[in-house]
Amino acid sequence: MIRWYRSATQSPSPLLFLNIIRTLFCSDLMSLAVFKARAERSQRWVNSSHPEPECRLANAEYFAHRLISVASSSEVLRQIPQNALVVEVGVPKLHPANGVSYLALMDKDSKGGIQVILESLGKMYIEGLDPKVERLYPPVAFPVPRKTPMISNLIRWNLEHSFHVPVYSPVIRGFRREYHFDKEDSYLLEYKVRGRTLFPPSALLLLAWEALAEKQQRNFEEMTLIMKNVKISKEIVINPTSE
Numbered sequence: 001m002i003r004w005y006r007s008a009t010q011s012p013s014p015l016l017f018l019n020i021i022r023t024l025f026c027s028d029l030m031s032l033a034v035f036k037a038r039a040e041r042s043q044r045w046v047n048s049s050h051p052e053p054e055c056r057l058a059n060a061e062y063f064a065h066r067l068i069s070v071a072s073s074s075e076v077l078r079q080i081p082q083n084a085l086v087v088e089v090g091v092p093k094l095h096p097a098n099g100v101s102y103l104a105l106m107d108k109d110s111k112g113g114i115q116v117i118l119e120s121l122g123k124m125y126i127e128g129l130d131p132k133v134e135r136l137y138p139p140v141a142f143p144v145p146r147k148t149p150m151i152s153n154l155i156r157w158n159l160e161h162s163f164h165v166p167v168y169s170p171v172i173r174g175f176r177r178e179y180h181f182d183k184e185d186s187y188l189l190e191y192k193v194r195g196r197t198l199f200p201p202s203a204l205l206l207l208a209w210e211a212l213a214e215k216q217q218r219n220f221e222e223m224t225l226i227m228k229n230v231k232i233s234k235e236i237v238i239n240p241t242s243e
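When you line the sequence shown up against UniProt numbering, it's residues 1 to 243, in that order.
Take a look at the structure:
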């Protein structure tokens with residue numbers, strides 16, 4: 001959403017003088033290649049100086065008229081929807097409402113106009129836009145000449161500031177736990193199904209509880225755990241005669 005702005009409180013000059021300024025400015029703009037093509041303004045271009053049917057083209061006449069016209073900031077703000085990104089072509093005067101991101105391509109207190117524009121382009125990237133910055137430079141013909149300087153020696157790490165870097169514990173993608181029977185576990189041999197000695201499902205849940213606590217480096221007796229929709233895919237047969 002782009003517009004050209006001038007304060008509504010500024011008093012206009014005499015009509016004749018303004019027409020001369022407009023004619024000269026329009027003549028200079030028409031000499032630029034960007035104004036030689038007939039380009040229609042986008043619907044997102046907010047305008048407050050022309051009646052809409054008369055300002056469909058973003059040509060030299062439009063910008064020359066904006067130089068000598070007066071715009072109402074309140075009228076412009078009413079045309080800006082919520083969650084919009086406003087790019088103001090001119091000295092910043094608007095005060096958008098909350099929820100509206102705002103960028104200005106000019107700064108009256110800055111001595112470097114190019115720097116302000118480039119900073120605004122960087123802010124566009126932060127807002128999620130993808131401006132075509134390659135259009136700021138002449139097209140590159142490949143292969144480049146042999147004596148073209150390299151830019152690798154111009155790139156350096158900026159070590160002026162220190163930042164806190166989070167350190168995360170290593171992620172355990174697999175976990176294995178061995179269980180050995182002893183005399184205290186002899187009661188498990190009493191669980192039989194169809195004549196086979198099986199490892200009790202309740203004991204499997206206890207082992208899963210202990211394994212999870214061991215993985216998280218916690219005491220399972222102090223760890224609250226709720227198990228839901230547990231499915232045991234395979235029965236574990238215990239051989240009573242084995243050691």
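Just so you know, even glycine gets a beta-carbon here, dropped at the ideal spot from N, CA and C.
7 Å Cβ cutoff met for residue i and residue j
i	j	result
Met-227	Ala-213	no
Phe-199	Ile-232	no
Leu-105	Ile-117	yes
Leu-205	Thr-197	no
Glu-127	Leu-85	yes
Beta bridge counterpart(s) of residue i as assigned by DSSP
i	result
Leu-103	Val-87
Val-116	Its beta-bridge partners do not exist; DSSP assigns none.
Val-237	Leu-198
Cα-Cα separation between residue i and residue j, rounded to whole angstroms
i	j	result
Ser-101	Tyr-137	27 Å
Arg-146	Leu-154	19 Å
Arg-135	Val-167	42 Å
Arg-44	His-164	41 Å
Lys-215	Trp-209	10 Å
Arg-156	Pro-81	42 Å
Gln-79	Met-124	21 Å
Pro-201	Ser-162	54 Å
Pro-143	Pro-149	13 Å
Ala-141	Ser-152	20 Å
Gln-115	Asp-28	24 Å
Lys-132	Gly-113	19 Å
Glu-235	Phe-220	24 Å
Arg-218	Phe-181	23 Å
Asn-229	Ser-120	55 Å
Glu-88	Leu-225	57 Å
Asn-83	Val-46	15 Å
Glu-61	Ser-42	17 Å
Ala-203	Val-193	15 Å
Glu-184	Ala-211	19 Å
Tyr-187	Arg-176	24 Å
Closer than 6 Å: residue i CB and nearest the ligand MG heavy atom
i	result
Lys-228	Inclusion of the ligand MG in the displayed structure is not the case, the ligand content being empty and no account of it being possible.
Point to revise | Ranges of the alpha helix (DSSP H) found wholly within the stretch 174–226, counting only runs of at least 4 | key: 201–215
Review point. Which full runs of the alpha helix (DSSP H) of 4+ residues lie inside the stretch 122–175, going along the chain?
Key: none
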